[in-house]
Amino acid sequence: MPDRDDALQGGQLGSHRTPPSPAQCVRAALTDKKTDKRERERPKPWTVDEVQTFIKGIEDDRLYAPLLLSLMGLRPAEVCGQRWTDIDLQLGTLEMTNTRTMVGNRTVLEKDAKTAAGERVLPLPRRRWSR
Numbered sequence: 764m765p766d767r768d769d770a771l772q773g774g775q776l777g778s779h780r781t782p783p784s785p786a787q788c789v790r791a792a793l794t795d796k797k798t799d800k801r802e803r804e805r806p807k808p809w810t811v812d813e814v815q816t817f818i819k820g821i822e823d824d825r826l827y828a829p830l831l832l833s834l835m836g837l838r839p840a841e842v843c844g845q846r847w848t849d850i851d852l853q854l855g856t857l858e859m860t861n862t863r864t865m866v867g868n869r870t871v872l873e874k875d876a877k878t879a880a881g882e883r884v885l886p887l888p889r890r891r892w893s894r
């Protein structure tokens, strides 16, 4: 049978398992996390030239549409939730009403936007469908 010092070094004492460091069980307070987040340097947004260069670079990419929607401010779940009925090419608008996410890599969860502010109509950029 191992002695007490051997048990402590291995992280096991009796039938209880203890972490090698008690600090592993300590969580930072939410207020501390928010303070750290506020003090972080924020990335600078792209300039108009950088956005235009990016758009030109992805024009032939199969992910052109979702990337363009992301540039318009849609979240990934909102991009995935788009339907053809949400697009009005006559008015040049995109209606944002649904979100779609994967749950457990098996189930697709589709639901309405969380808030009224999440339901919005965005103007489509004038591109290939324009005359």
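Residues in the sequence shown are numbered consecutively from 764, following our numbering.
Using N, Cα and C, we set each Cβ at its ideal position, and we do this for glycine too.
All values reported here derive from a predicted model rather than from experimental measurement.
Mind the definition here: the segment 842-862 touches the segment 806-826 only if three or more C-beta pairs lie below 8 angstroms; say whether that holds. no
Pick from K874, L837, R790 and L832: whose alpha carbon is nearest that of T862? K874
Let me know the secondary structure DSSP gives K874 once reduced to three states. strand
Using three-state DSSP, classify T860 as helix, strand or coil. coil
Check for me: the alpha helix (DSSP H) holding V842 runs from which residue to which? P839 to C843
Between which two residues does the beta strand (DSSP E) containing L854 stretch? No beta strand (DSSP E) contains L854, which DSSP labels as neither H nor E.
According to DSSP, which residues form a beta bridge with V944? Outside the modelled stretch of the chain, which goes from 764 to 894, sits residue 944, for which no answer is possible.
Determine, using beta-carbon pairs with one atom in the segment 855-872 and one in the segment 882-889, whether at least three such pairs fall under 8 angstroms. yes
Between V814 and S784, what straight-line distance do the alpha-carbon atoms span, to the nearest angstrom? 47 angstroms
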